[in-house]
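Residue numbering for the sequence shown follows the working numbering, starting at 22 and increasing by one per position.
The C-beta atom is built at its ideal place from N, Cα and C for all residues, glycine as well.
Computed from a prediction, not measured in an experiment: that's the story for all the values here.
Beneath this line is the structure, given in structure tokens, with notes to follow.
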Amino acid sequence: MGDGKKLIKKRARSFAPGTVSNVGPGFDLMGFPVFGIGDEVEVTPNGTGTSRIVAIQGNDAISHEVESNTAGKAILSFLEENAPGEGVDITLYKNMPIGSGMGSSAASAVAGAVAVNGLLAEPLKPDQLVEYAMAGEMIASGSRHGDNVIPSLIGGFVIINDIETLDFFRVDAPADLLVMLIHPHIEIKTSHARSILPDTIPVKDSIRQTSAALTLLAGIVSADYAKIAAASKDYIAEPYRSGLIPGYAEAKRLLLAGGAVAFNISGSGPTMFALFNDAAKAETARSTVEKIHGRIKLGVDISISKVNNGGAKLLEVE
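If you want it as structure tokens, here you go:
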């Protein structure tokens, strides 16, 4: 185009999935996305040179200020480097609860980066969008950890090599691995969940955590469910965070006894995850979880899906 504009498409809409992060022993290092849960973002070039959030569907509490919104900040970061001087109108479809432990803020940031990238004549590759999405995620988390952003963006089981550079690799999760997400109707702020963790851990716990993480990765790569059971182990976060989640200890005990492969906290909580390789056992576990939360009079949402090996995607572009 002769006008020098970089954003040549009229409109783009994207979806970014929710995620399970930490995955037990992989604190700040491991994560994977699921199906059926996620956020969407739609962007339209506005010709004003200024980006603005024109609508947020699904949550009235989220900031409409672009700089203070995870999707908005990711988009601003992208435009600064790839289409300086241009602006977009942003609509965020906030389908995920905040403070859920399912990568809600990361999903918004990733969806924003993927949507605005879709407006380019030659969009960047997904792994080139990590830093832009991280700029958005930082608005909510206040710390640089990519175990939600990268899985949501890339898909599959992600392992971060370096938390500073966010160098990572991914492997496809086993095709028959099922993930149950259990979201009790309470909110836990990521900042609070991080603040209650100790600054140091004993050497013996470090060794056990490393062993469990390596065993879990070996299990994912080889589809060995006896090894994937290591996702139940966490000597860094679970001992401190599990007390914030009503019914956690009982749910873990009963689901593991009922055939779950593993059980632990998703992200900072309060969402819990259970892994299965048997759909019937997963459905039985659903009833168990419903009974627990009925007895403690706490609402709960339960979903079961496979691991999303694809990650975020453009839904529409014109």
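Which of helix, strand or coil DSSP assigns to residue i
i: residue 256; result: coil
i: residue 221; result: coil
i: residue 273; result: helix
i: residue 66; result: strand
i: residue 204; result: strand
i: residue 178; result: strand
i: residue 48; result: coil
i: residue 148; result: helix
i: residue 187; result: coil
i: residue 140; result: coil
i: residue 28; result: strand
i: residue 198; result: coil
Outcome for residue i when other beta-carbon atoms lying within 10 angstroms are tallied against a minimum of 16
i: residue 108; result: buried
i: residue 248; result: buried
i: residue 78; result: exposed
i: residue 373; result: The displayed coordinates of the chain run from 22 to 339. Any statement about residue 373 would go beyond what the structure contains.
i: residue 210; result: exposed
i: residue 318; result: exposed
i: residue 219; result: exposed
i: residue 217; result: exposed
i: residue 236; result: buried
i: residue 43; result: buried
i: residue 284; result: buried
i: residue 224; result: exposed
i: residue 166; result: buried
i: residue 129; result: buried
i: residue 40; result: buried
i: residue 28; result: buried
i: residue 22; result: Any answer about residue 22 is weak, because its pLDDT of 39 lies below 50 and its placement is not dependable; what the coordinates show is given next. With fewer than 16 other Cβ atoms within 10 Å, it is exposed.
Residues bridged to residue i (per DSSP)
i: residue 38; result: 59
i: residue 71; result: In DSSP, residue 71 forms no bridge with anything.
i: residue 54; result: 40
i: residue 114; result: 61, 78
i: residue 345; result: Because the chain spans 22 through 339 in this model, residue 345 falls outside it and cannot be assessed.
i: residue 192; result: 178
Neighbourhood of residue i by C-beta distance below 6 Å, restricted to the same chain and skipping five residues each side
i: residue 119; result: 125
i: residue 205; result: 291, 319, 321
i: residue 246; result: 282, 298
i: residue 277; result: 284
i: residue 339; result: 31, 32
i: residue 179; result: 52, 171, 172, 189, 191
i: residue 63; result: 34, 112
i: residue 146; result: none
i: residue 251; result: 233, 236, 237
Residues near residue i in its chain [Cβ-Cβ closer than 7 Å; skip 5 each side]
i: residue 99; result: 134, 137, 138, 153
i: residue 176; result: 54, 329, 330, 331, 332
i: residue 305; result: 279
Neighbourhood of residue i by C-beta, 8 Å cutoff - its chain only, sequence neighbours within 5 removed
i: residue 315; result: none
i: residue 85; result: 74, 77
i: residue 150; result: 99, 131, 134, 135, 138, 174
i: residue 334; result: 35, 36, 135
i: residue 323; result: 201, 202, 203, 204, 307, 310, 311
i: residue 230; result: 46, 48, 222, 254, 255, 256, 257
**OP:** Starting from the N-terminal side, write out each stretch of the alpha helix (DSSP H) that is 4 residues or longer and does not extend beyond the stretch 262 to 332.
**Re:** 269 to 278, 300 to 316
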